[in-house]
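For reference, the structure discussed in these notes is given below.
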Amino acid sequence: MDRKVRVGLIGSQFISTIHAEALKQSAAAEVVAVASPTRGNAKAFAQKHGIPHHLTDYHKLLEMNEIDLVVLGVPNNLHCQVTVDAAAAGKHIVLEKPMCLNLAEADRMIVACKKAKVKLMYAEELCFAPKYVRLKQLLDSGALGKPVLVKQSEKHDGPHASHFWDVNRAGGGVTMDMGCHAVEFFRWMLGRPAITSVYAQMGTAVHADKTQGDDNAILILEFANCATAVAEESWTKMGGMDDRAEVHGSKGVAYADLLHGNAIETYSAVGYDYAVEKAGSTVGWSFTIYEEIWNYGFVQEMAHFVDCVKHDKPPLVTGEDARVVLEVIFAAYESAGTGRKVYLPFKTDAAKPFDLWKNRS
Ligand SMILES: NC(=O)c1ccc[n+]([C@@H]2O[C@H](COP(=O)([O-])OP(=O)(O)OC[C@H]3O[C@@H](n4cnc5c(N)ncnc54)[C@H](O)[C@@H]3O)[C@@H](O)[C@H]2O)c1
C-alpha cells in the first residue's frame, strides 16, 4: 500500500482515546472516522482528535470504502459481533483484550476473518511495552539462562465503567480483564511453548457490592518447556496502576516494573492534575508517570499493526493467540471453581468464563 492506512475507531471512551493518541504518532496511519452509539460522544471525540467523520452506528463506519482497518474499543460482549461484521465488510481488525466471551465466539471470529482474508490482530500491548521488550531480549540473548519462573502482575483499584463489573457483559472479573494480559505476556516471553496446566485461586475480597466477579486472583501456569508462570491480578490495589514482571532463569534474574520504575517520585501537599492511570489521589506521595502510552507500548503496538496492514505482514499477536489466552482463562475459572489443577487443552461450551466459577463450593 503506497498511501497511509486509513483507520476507523469503534468506541469513543477510555481505550479508544489511547488508540487515537497512539495512532496520531504513527506517520503511516490516518484516523478517518469514529463510531460510538451515545449521542454526542463520537462528535466530541472527532472534534478533540481532528477526525473528519463521526457516526453513531458502527455499521455505517464499516460501509465506508475508504477505511482499511478498524480498531475496536467496545465492551467484551460486543467483540464477536463487531469483528464478524467488520470482517464481512472487508476491514482488517485490531481487537482489544479479552478476545470475546467464549470459545465458540472465538472460533466464529477466526473463521470470519480467514474467510474474508482480513487480518485479526490482538492488541496485547505488553508485548510492545519497551521495558518488557528489553526484558525479552535479555532472556532471548541467554543473559538469564533457561527460564524457570516468570511472574507478571497487574493491579489497580477497579475498572472505570459499569460493563467491566457486569459478568454478563465482561465474561468474568479481574482474571478475564487483566489475567489475559499476563497469559499472553508469558507466552510471548517464553517463545509461545504450549501451556500444559493451570491452577487458579480467585476471590471477591472488596467489591462484592459491585460485582459477582473475582476482584483478586492468582494463576499458576505450567509450560511444556518446564517453565512455571505466576500471575497476580487485582482490582483492589489502591494508589494507581501497578504493572510488573520478573524472569528467573538458570543463570540470572531480571525484575521490571513498568510504571513505578519509570515514574517521578512526587510529594505534593495540595495534589495535582494526573499521576498515573487509576491513581485515586495525588495528595501526599505519588508516582508521576510521563509518556504513559509509550511506556505501556500502545504507540508501538498501533505502529506495528498499521505496518502489518500497509506491508501485508503477519502480526506479532493474532486472533489465534487470543483464542489460546481465552482457553487458559476458562481453565483458570474452572480451576478456581473446582479447587483442582486443570490440564490443557481445555474444551468447554460455557457461555462465559465466570460460569465455571459461579457454583464454587
Ligand atoms: N489493552 C488495555 O489495557 C485495555 C484497557 C482498557 C480497556 N480495554 C478493553 O477495551 C474495551 C473497551 O473498554 P473501555 O475501557 O474503552 O470501555 P469504555 O466504557 O471506556 O468505552 C466503551 C465504548 O464502547 C462504546 N460502545 C458500547 N456499545 C457500542 C456499540 N454497540 N457500538 C459501538 N460502540 C459501542 C461505548 O459507547 C464507549 O464509547 C474492553 O474490551 C476492554 O477490555 C483494554
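Numbers 40 to 400, taken from the working numbering, label the letters of the sequence shown in order.
Where a beta carbon is used, it is the ideal one built from N, C-alpha and C, also for glycine.
The model shown is predicted, which means the values in this text are computed figures rather than measured ones.
Between the alpha carbons of Ile90 and Lys185 lies a gap of roughly 48 Å. The Cβ-Cβ distance between Ala342 and Ser55 does not fall below 8 Å. Counting along the chain, no beta strand (DSSP E) covers Asn334; the unbroken alpha helix (DSSP H) around it starts and ends at Glu331 to Asn334.
Contact annotation: the segment 188 to 198 touches the segment 271 to 289, with at least three C-beta pairs closer than 8 Å.
In the structure shown, Leu165 falls within a helical segment according to DSSP collapsed to helix, strand and coil. Of the residues assessed, Ser320 falls on the exposed side of the cut-off, its CB having fewer than 16 other CB atoms within 10 angstroms.
For Tyr294, the enclosing beta strand (DSSP E) starts and ends at Gly291 to Asp296. Pro186 is bridged by DSSP to Gly288. Between the segment 317 to 336 and the segment 271 to 281, the count of C-beta pairs closer than 8 Å reaches three or more; the two stretches touch. Here Lys352 has Asp346 as same chain residues with Cβ atoms under 7 Å from its own Cβ, once five neighbours each way along the sequence are excluded. Counting only runs of 3 or more residues that sit fully inside the segment 54 to 105, the beta strand (DSSP E) segments are 68 to 74 and 92 to 94, in chain order. Counting only residues of its own chain and dropping the five nearest sequence neighbours on each side, Lys349 has a CB closer than 6 Å to the CB of Met40, Val44 and Ala67. The C-beta distance from Leu48 to Gly112 rounds to 6 Å, short enough to fall under 8 Å. In this structure, the straight-line span from the alpha carbon of Tyr311 to that of Ile328 is close to 13 Å. DSSP assignment within the segment 218 to 277 yields the following whole alpha helix (DSSP H) runs of 4 residues or more, N-terminal first: 219 to 229. In summary, Ala244 is exposed, with fewer than 16 beta-carbon neighbours lying within 10 Å of its beta-carbon over all protein chains present. When Asp253, Phe225, Val237 and Ala266 are compared, the shortest CA-CA separation from Ser273 is found for Asp253. Remark: C-beta atoms of Ile234 and Leu258 do not approach each other more closely than 8 Å.
Val121 and Ala270 have their C-alpha atoms some 30 Å from each other. In terms of Cα proximity to Ala263, the closest of Arg147, Pro384 and Ala314 is Pro384. At a threshold of 7 Å, Ala221 does not count as near ligand 1, since its beta carbon sits no closer than that to any of the ligand's heavy atoms. Taken atom to atom, the span from the alpha-carbon of Leu140 to that of Ile303 is near 38 Å. His350 is not bridged by DSSP to any residue.
Of Val71, Asp96 and Glu144, the smallest CA-CA separation from Leu108 is found for Val71.
Taken through DSSP and simplified to helix, strand or coil, Asp281 comes out as strand. For Leu142, the enclosing alpha helix (DSSP H) stretches over residues Leu142 to Ala155.
Residue nearest to Asp360 within the set Asn116, Asp146, Leu100 and Ala61 is Asp146 (criterion: CA-CA distance).
Ala83 is not a Cβ neighbour of Leu94, given a cutoff of 8 Å. Straight through space, the alpha carbons of Ala221 and Gly300 are spaced by roughly 19 Å.
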